[in-house]
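The block underneath contains the structure these notes are about, expressed in structure tokens.
Residue numbers (our numbering): 2 to 283.
Rendered as structure tokens:
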């Protein structure tokens, strides 16, 4: 049964990646993501209701590892939606304070759930039969009130807490990335030492667009928590180039019948040739 759920998880990740590429506005992105995640969870819930787990271990693995990956995404996008909806208008100092306070809220959760957090992070398993099997809750394990209102056919006493841990990791990265961007903006407004040489992009705009999407897909900027639009604007500013309708350009690249990653492949071939050239040390 876990295999069926994992197939839907892969599909969900692909859909979320597409949303991340196509939607720049963070609030709209969260709204679309939440809608897709809810539908995906509903599908998995129906799979569980129509099938029985082959063993207690399979049930534990589903509620400890698989289901939290769905739920954590729902928690993450819902929290980011709330954070951005309540974001105050003001200067960088006000925004810094706001995001720092949100980080403190995450710390409060970890402090309150320290015992279970340590159990989960250490890879312990001796209480799994109570934490991650349906109907095996123990009131002495400090249960959250929500559990008593949850669908007990699709919930255990602690699968939601695992999801919160996973989601909070992502939320922390998001908040820290926002603080980094604010800090960079502050630094950009101050006088800084400029390079002695000005670099200009002399390749094609199509090639730069291909590189732009590749770097964004790899998540190499700000731990992956940065919008495609922000990266595009950064490239345009640094290289003083107008990428125009880069999304349409990407669609044209994607529609190529062959060699869709023409520029990336060329980079790979050129670098390999340089490495193979014994005389070209650096």
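Where a beta carbon is used, it is the ideal one built from N, C-alpha and C, also for glycine.
- As the crow flies, the alpha-carbon of residue 76 is around 47 Å from that of residue 275.
- Judged by their CB atoms, residue 130 and residue 57 are nearer to each other than the 8 Å cut-off.
- In this structure, residue 34 keeps its C-beta atom at 8 Å or more from the C-beta atom of residue 10.
- Taking 8 Å as the upper bound for CB-CB distance, residue 157 and residue 122 are not in contact here, some 18 Å apart.
- Annotation: residue 222 to residue 44 spans about 33 Å, alpha carbon to alpha carbon.
- Under the three-state reduction of DSSP, residue 36 is assigned to helix.
- The alpha-carbon of residue 38 is positioned some 7 Å away from that of residue 74.
- Just so you know, the alpha carbons of residue 236 and residue 66 end up roughly 39 Å apart.
- Leaving aside the five residues that flank residue 213 on each side, the residues in its chain whose CB is nearer than 8 Å to its CB run, in chain order, 229, 232, 233, 236, 244, 247.
- Take residue 176, set aside five residues on each side of it, and the residues of its chain with a beta-carbon closer than 7 Å to its own are 100, 103, 104, in chain order.
- Here residue 262 carries a coil assignment [DSSP, helix/strand/coil].
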